[in-house]
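K.L.:
Here it is: the structure, laid out below.
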Amino acid sequence: MIKAEGIYKRIGNKEILRGIDLHMKEGEFVTVLGPNGAGKTTLLKILAMLTKASAGKLTIGGVTVDDNVAKMRGQIGVISHNSFLYDKLTAFENLRFYGEMYQTNNLKERIYQVIDEVGLQYSLADPVRTFSRGMLQRLSIARAILHDPKVLFLDEPYTGLDQHAIGILNKVLFKLNKDKRTIFMITHNYEQGLELSDKIIIIYKGKITYQDQAKCLGPREFKQLYLEQVGGKQ
Amino acid sequence: MNSKLILGRGHHILGGITFAMIALAIYLVFIWVPADAKLGVSQKIFYFHVAAAWVGFFAFFVVFIASIIYLKSRSKKWDIIGVSSAEIGVFFTTIALITGSIWGRTAWNVWWNWEPRLVTTLILWFIYVAYLIIRASSTEEEKKGRLSAVFGIIGFFNVPIVFMSIRWWQIGLHPVIIEADRVGLPTSMLRTLITSVIAFTFLYFYLLQKGIALGWLREEVNSLKSKLREKFD
Amino acid sequence: MNFLKQIKAIVWKDLVSEFRTKEMLSAMLIFSFLVIVIFAFAFDPARETTRAVFPGIIWVGISFAAILGLNRSFVAEKENDSLLGLMLTPADRSVIYFAKVIGNLILVWMVVLISMPLYFIFFNFQWAGSIPILALIIFLSTLGFISVGTFLAALAANTRTSEILLPIIVFPIVVPVIIAAVESTAIVLGSVAHGGLMSWLMLLILYDVIFLAVPFVLFDYVLEV
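Below, the structure is given as structure tokens:
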């Protein structure tokens, strides 16, 4: 589904990514870990076609990503620790806006569908500025899956979530995984990562230093491995 | 990039030529060329005023070109050229404005006149300042170069339109005043003027080389700092 | 067609958001009113000289109100990083640019519509002129001002001190618009001989074309992540 070859990214003087080769099959769930500044978010931005790599080739769904990138963005959904939502609009208006931007079919039904999935059906007419952090994140999830993307990117989605919201996020991720959606998640929460994903990747100083099936290791062994990989830095 | 390479023999030769040209210009202006019949010796500031204004505009043209190339290539070299040219340009533009004001005072007894070229020079000054303030307000290195380059391009397109609009405005108000000083220069004055302009242009390139070398030095220091930071983190 | 639908969606979103609280619109209106009153104190409306500077007073007021509105068009997108959300959609970056220009224009036109009569009232200026031509002048001038202003607002939103930076970078660039607007308004209001109205309008059109085209090309660079 996603093939990244030799992705290299340089910003100013710094080499953020030094040759990333990544292959994600359709329906695969990949969790990416690594210390801050390792280049994880930059990689996500490149894969989500928000920014261009300095060098390397990216293919999504068999199509090479070049400058005519806009149309391909419809296949991608992104959930970040920021909600991308508009405080003054209601939940419904926010979803309708994004639905129109993505030219989603049957927008109204789809909105009701996703709002049910994240359990916010009673808050549809409330302005987003009244939402709690957990509700914001759940609405953000609804926003991201509204246009039924084939690939979902998550950047530290668990930050600041309560148990209820974590539960809903995991439920949604599990369902998406079953529906053969490809998922790429950055998190520091490796226990969730190990449990939910098919593959674990560690990125350190712009390179992939570890890549393997998630089921191979238990949480304690993984923590050991991770600390070894990044030289004791957390 | 080794700053020694930039400030090597070539730079010293350029320095020598610049020194000679400036000396020649000073000689021509103060000793050789006769004083203006009407205005007297004080008119001579005109030679430096025009030269300074020329450098101010030329430097902005360089900023424009450097901005375009930087946006395409993202090569640090062109960002350094752009900002160095801007720093020199704003300096010469300031001189042009001050000498223009002094000249106006001696020629027409006004500290400021709304002559189109002078006013355009004033707006150019503001554009330079805006360019430099954008750089000062930017939080990251990458943004600094990119945003100021974009502004450099917009600013350059603006300058001719500003000139046109002020000219028409002035024609509406004072139909006669525009060409009052360009009746036609006697050859000696023309030669002096051209020498002065060429001398200032050499000075510009000499200062630009120094500015670029300084820019690279800054880069070196910053990259050493970040390498150290990585090591000791 | 999608292009237009997306622009409409963004413009609608911005206007609905604004009309929920009307924060910006009221700030712009009150500011315009303040400018009118302060200028009325500064320039005695009874004097003949005030009649001559009246077009200038109008455009100073409109410019300052416009700058106020310009800043917020991208600052609102910085909350919750919604600008990133916009950039992730299949819309071209230029869609965002045009939508923001249209949104800002609508707000400015509302302010002009409401404040214009106030200018004439407070300065006891006798209306003698052609409304369609004045409307044309306002349209062309605000278009130029806002198209380059929106672009620079997006640029300034990237910096720490955007509210202070924006006026500094906008004013040198919009000097031609202000001159052309004041001069043509003066001609229409009869303060000045009929002379060069056409040339000023041509200048405005030229400015509008250049400063819609150049930002259109450069907008991607401003929005880079």
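Protein chains in written order, with the working numbering: chain A, 1423 to 1656; chain B, 58 to 290; chain C, 14 to 238. Glycine included, each C-beta is placed from N, C-alpha and C at the ideal position. Computed from a predicted structure; not experimentally measured.
According to the neighbour-count rule (16 or more other Cβ atoms, all chains shown, within 10 Å of its Cβ), is proline 173 of chain B buried or exposed?
P.N.:
Working through the second sequence from its first residue, we reach residue 173 of chain B at position 116. Label assigned to proline 173 of chain B: buried.
K.L.:
Report the three-state DSSP secondary structure of histidine 1503 of chain A (helix, strand or coil).
P.N.:
Reading the first sequence from its first residue, position 81 is the one you call residue 1503 of chain A. The answer is coil: DSSP assigns histidine 1503 of chain A none of H, G, I, E or B.
K.L.:
Give me the Cβ distance between glycine 1628 of chain A and glycine 1461 of chain A, rounded to the nearest whole Å; I'm assuming they're in contact under 8 Å.
P.N.:
The sequence position of residue 1628 of chain A within the first sequence is 206, counting from 1. The sequence position of residue 1461 of chain A within the first sequence is 39, counting from 1. Confirmed, Cβ separation roughly 5 Å.
K.L.:
Hey, does threonine 102 of chain C have any beta-carbon neighbour from chain A nearer than 8 Å?
P.N.:
As a first step, residue 102 of chain C must be located in the third sequence, where it is residue number 89. It does; some Cβ of chain A falls within 8 Å.
K.L.:
What residue from B/Phe257, B/Leu281, B/Leu271 and B/Glu287 has the CA that sits closest to isoleucine 152 of chain B's CA?
P.N.:
For the purposes of this step, residue 152 of chain B is taken as the residue at position 95 of the second sequence. It is B/Phe257 whose Cα lies nearest to the Cα of isoleucine 152 of chain B.
K.L.:
List the residues of chain B whose Cβ lies closer than 7 Å to the Cβ of glycine 1456 of chain A, in chain order.
P.N.:
As a working note, residue 1456 of chain A is residue 34 in the first sequence. Ordered by position in chain B, no residue passes the 7 Å Cβ test against glycine 1456 of chain A, which lies about 15 Å from the chain.
K.L.:
Helix, strand or coil: how does DSSP classify methionine 1446 of chain A here?
P.N.:
Reading the first sequence from its first residue, position 24 is the one you call residue 1446 of chain A. In the structure shown, methionine 1446 of chain A sits in a strand (DSSP, three-state: E or B).
K.L.:
To the nearest angstrom, how far is the alpha carbon of phenylalanine 1519 of chain A from that of phenylalanine 1506 of chain A?
P.N.:
As a position in the first sequence, residue 1519 of chain A is number 97, starting the count at 1. As a position in the first sequence, residue 1506 of chain A is number 84, starting the count at 1. Cα to Cα, phenylalanine 1519 of chain A sits roughly 12 Å from phenylalanine 1506 of chain A.
K.L.:
Quick one: what does DSSP say glycine 1640 of chain A is sitting in, helix, strand or coil?
P.N.:
Taking the first residue of the first sequence as position 1, residue 1640 of chain A is located at position 218. Note: glycine 1640 of chain A maps to coil in three-state DSSP.
K.L.:
In chain C, which residues lie with their C-beta within 8 Å of the C-beta of methionine 1523 of chain A?
P.N.:
Working through the first sequence from its first residue, we reach residue 1523 of chain A at position 101. Those within 8 Å of methionine 1523 of chain A in chain C are Gln19, Ala22, Ile23, Leu99, Thr102, Pro103 and Ala104.
K.L.:
Classify lysine 1597 of chain A as buried or exposed, calling it buried when 16 or more other Cβ atoms lie within 10 Å of its own Cβ.
P.N.:
Residue mapping note: residue 1597 of chain A aligns to position 175 of the first sequence, counting from 1. Lysine 1597 of chain A is exposed by the Cβ-count criterion.
K.L.:
Helix, strand or coil for glutamine 1635 of chain A? Go by DSSP, reduced to three states.
P.N.:
Residue 1635 of chain A sits at position 213 when you count from the first residue of the first sequence. Glutamine 1635 of chain A falls in the strand class under three-state DSSP.
K.L.:
So for leucine 1568 of chain A, helix, strand or coil by DSSP?
P.N.:
On the first sequence, residue 1568 of chain A is found 146 positions in, with the first residue counted as 1. In this structure, leucine 1568 of chain A counts as coil in the three-state DSSP scheme.
K.L.:
Taking the straight line between their C-alpha atoms, what separation do you get for glutamine 1497 of chain A and valine 1573 of chain A?
P.N.:
As a position in the first sequence, residue 1497 of chain A is number 75, starting the count at 1. As a position in the first sequence, residue 1573 of chain A is number 151, starting the count at 1. Roughly 6 Å separates the two Cα atoms.
K.L.:
I need the DSSP call for proline 228 of chain C, collapsed to helix, strand or coil.
P.N.:
As a first step, residue 228 of chain C must be located in the third sequence, where it is residue number 215. Reduced to three states, the DSSP call for proline 228 of chain C is helix.
K.L.:
For threonine 1609 of chain A, does the count of other Cβ atoms within 10 angstroms reach 16, so buried, or fall short, so exposed?
P.N.:
Translated into positions along the first sequence, residue 1609 of chain A becomes position 187. Result: buried.
K.L.:
Does DSSP put lysine 200 of chain B in a helix, in a strand, or in coil?
P.N.:
Residue numbering aside, residue 200 of chain B sits at position 143 when the second sequence is read from its first letter. Looking at lysine 200 of chain B - three-state DSSP - the assignment turns out to be helix.
K.L.:
Which residue or residues does DSSP assign as beta-bridge partners of phenylalanine 1451 of chain A?
P.N.:
Numbered from its first residue, the first sequence carries residue 1451 of chain A at position 29. Beta-bridge pairing links phenylalanine 1451 of chain A to A/Ile1605.
K.L.:
What in chain A is Cβ-close to lysine 26 of chain C, meaning under 8 Å?
P.N.:
Taking the first residue of the third sequence as 1, we reach residue 26 of chain C at position 13. The contacting residues are Tyr1508, Leu1511, Glu1515 and Phe1519.
K.L.:
On the CB-based measure, 16 or more other CB atoms within 10 Å of its CB, does glutamate 197 of chain B come out buried or exposed?
P.N.:
Against the second sequence, residue 197 of chain B aligns to sequence position 140. That one is exposed.
K.L.:
Identify, in the order they occur along the chain, each residue of the same chain with its Cβ nearer than 7 Å to the Cβ of serine 158 of chain B, setting aside the five sequence neighbours on each side.
P.N.:
For the purposes of this step, residue 158 of chain B is identified with residue 101 of the second sequence, where counting begins at 1. Cβ within range, chain order: Trp168 and Trp169.
K.L.:
Going along the segment 112-123 of chain C in order, which residues come within less than 8 Å of chain B, judged by CB to CB distance?
P.N.:
Answer in chain order: no residues at all.
K.L.:
State the Cα-Cα distance for the pair leucine 28 of chain C and alanine 112 of chain C, rounded to the nearest angstrom.
P.N.:
Residue 28 of chain C sits at position 15 when you count from the first residue of the third sequence. Residue 112 of chain C sits at position 99 when you count from the first residue of the third sequence. The alpha-carbon atoms of leucine 28 of chain C and alanine 112 of chain C are separated by roughly 11 Å.
K.L.:
Quick check on the burial criterion: 16 or more other C-beta atoms within 10 angstroms. Buried or exposed for aspartate 1393 of chain A?
P.N.:
Residue 1393 of chain A cannot be examined here, being either before or after the span of chain A that is shown, 1423 to 1656.
K.L.:
Label serine 222 of chain B either buried or exposed according to how many other C-beta atoms from any shown protein chain fall within 10 Å of its C-beta, with 16 as the threshold for buried.
P.N.:
To locate residue 222 of chain B, count along the second sequence from 1; it is residue 165. With 16 or more other Cβ atoms within 10 Å, it is buried.
K.L.:
Helix, strand or coil: how does DSSP classify glycine 1483 of chain A here?
P.N.:
Along the first sequence, one-based indexing puts residue 1483 of chain A at 61. It is coil, neither helix nor strand.
K.L.:
With DSSP collapsed to three states, give me the class of proline 1457 of chain A.
P.N.:
Here residue 1457 of chain A refers to the residue found at position 35 of the first sequence. Looking at proline 1457 of chain A - three-state DSSP - the assignment turns out to be coil, as it is neither helix nor strand.
K.L.:
Can you name the residues of chain A whose CB is closer than 8 Å to the CB of glutamate 237 of chain C?
P.N.:
Position 224 of the third sequence, counting from 1, holds the residue named residue 237 of chain C. Thr1473, listed in chain order.
K.L.:
Determine whether the Cβ of asparagine 1435 of chain A lies closer than 8 Å to any Cβ atom of chain B.
P.N.:
As a working mapping, residue 1435 of chain A is identified with position 13 in the first sequence. Chain B contact via Cβ: present.
K.L.:
In terms of residues, what are the limits of the alpha helix (DSSP H) holding isoleucine 88 of chain B?
P.N.:
In the second sequence, the residue the question calls residue 88 of chain B occupies position 31. It is not in any alpha helix (DSSP H) - isoleucine 88 of chain B carries neither H nor E in the DSSP assignment.
K.L.:
By the DSSP assignment, the beta strand (DSSP E) with leucine 1574 of chain A in it spans what residues?
P.N.:
Residue numbering aside, residue 1574 of chain A sits at position 152 when the first sequence is read from its first letter. From DSSP, the beta strand (DSSP E) with leucine 1574 of chain A extends over 1573-1577.
K.L.:
Starting from the beta carbon of serine 197 of chain C, find every residue of chain A whose beta carbon is closer than 9 Å, and list them in chain order.
P.N.:
Walking along the third sequence from the start, residue 197 of chain C turns up at place 184. The premise fails here: serine 197 of chain C is roughly 38 Å from chain A at the closest Cβ pair, so nothing lies under 9 Å.
K.L.:
Starting from the C-beta of isoleucine 180 of chain B, find all residues in its chain whose C-beta is less than 6 Å away, skip the five residues before and the five after it, and write them out in chain order.
P.N.:
Along the second sequence, one-based indexing puts residue 180 of chain B at 123. The residues are Val219.
K.L.:
Got a sec: which bits of the segment 24-48 of chain C sit with their beta carbon under 7 Å from any beta carbon on chain A, in order along the chain?
P.N.:
Within the segment 24-48 of chain C, the qualifying residues are Lys26, Val29, Ser30, Arg33 and Thr34.
K.L.:
Let me see if you follow: with CB-CB separation under 8 Å, is alanine 1587 of chain A close to chain C or not?
P.N.:
Taking the first residue of the first sequence as position 1, residue 1587 of chain A is located at position 165. No, its Cβ sits nowhere closer than 8 Å to a Cβ of chain C.
K.L.:
Tell me whether glutamate 172 of chain B sits in a helix, a strand or coil according to DSSP, three-state version.
P.N.:
Here residue 172 of chain B refers to the residue found at position 115 of the second sequence. The answer is coil: DSSP assigns glutamate 172 of chain B none of H, G, I, E or B.
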